[in-house]
Amino acid sequence: MKIAIIESGGNVQSLKKILNFSGFETFIVNSSENINDFNIYILPGIGSFDNPLNKLKDLSLLEFFSKPSNFEKKKLIGICSGMQILFNKSEEGEQNGLSLIPGNVKRFRDIKYKIPHMGWNYLKTENLPFSLKNKKFYFAHSYYIDCDEKYVLSYCNYDINFPAIVNKKNIWGIQFHPEKSHLNGVELFKNIINK
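Heads up, the sequence shown stops at 293 in the numbering used here, and the numbers go up one at a time, no gaps.
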């Protein structure tokens, strides 16, 4: 099994380290060359909604990641803003997302907690096909996904409930940072990749 970590922003070296620790063969990818040679694609992101989209354009990979057919037999995992660009649009960005999952990205408003949401939180895990009960994960974001609940496997509560893990067939989105979540992140990656 070959895993591509796309250089679309975010902590690619930390992702490589935690995935290697988990026993997976990983490659950092910064071009469209041989892009079809992988079984799993990880799309990290950091900063605004448009950042990972611009990175994909620069790498000539935007078209590849915009086609749902490329993930009929392969798995795609988006992390943080790499998750958010899986959807249609964002209140933060000017560009259209990849539209691989229906939904939009909204800014936290009128909540009693500090924005951005930064720190460790538990997940609501009732809909997950594996157990992450009583495990905390590290979040850092000011925007959240608004989508049909049928795509949501796990919520987090930050005054409001928002999607923490989403899934549509072979496409997964993770709002938090598994690579900063220590052994809980290792467990999550193993569960998703081996599913």
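Even glycine gets a Cβ: it sits at the ideal position worked out from N, Cα and C.
Thinking C-beta only, is G201 closer than 9 Å to N225? Here residue 225 is taken as the residue at index 127 of the sequence shown, counted from 1. Here residue 201 is taken as the residue at index 103 of the sequence shown, counted from 1. For N225 and G201, no; Cβs fall outside 9 Å.
In the DSSP output, what is V43 paired with across the bridge? The question about residue 43 has no answer here: the residues shown for the chain are numbered 99 through 293.
Secondary structure of K278, DSSP reduced to three states: Locating residue 278 in the sequence shown gives position 180, counting from the first residue. Here K278 sits in helix by DSSP.
Apart from the five residues just before and just after G195, which ones in its own chain have a Cβ nearer than 8 Å to its Cβ? Along the sequence shown, read from residue 1 onward, the residue named residue 195 stands at position 97. Within the same chain, G195 has close Cβ partners F147, L151, Q182, I183, L184, F185, N186, K187, S188, V203.
Under the assumption that I269 contacts I199 (Cβ atoms under 8 Å), give the Cβ distance between them as a whole number of angstroms. Indexing the sequence shown from 1 puts residue 269 at position 171. Indexing the sequence shown from 1 puts residue 199 at position 101. Right, their Cβ atoms sit about 6 Å apart.
Classification of Y253 by the beta-carbon crowding that lies within 10 angstroms, buried from 16 upward: Here residue 253 corresponds to residue number 155 of the sequence shown, with the count starting at 1. Buried is the call here.
What is the rounded straight-line gap between the Cα of Y249 and the Cα of P166? Position 151 of the sequence shown holds residue 249. Position 68 of the sequence shown holds residue 166. Approximately 15 Å between the Cα atoms of the pair.
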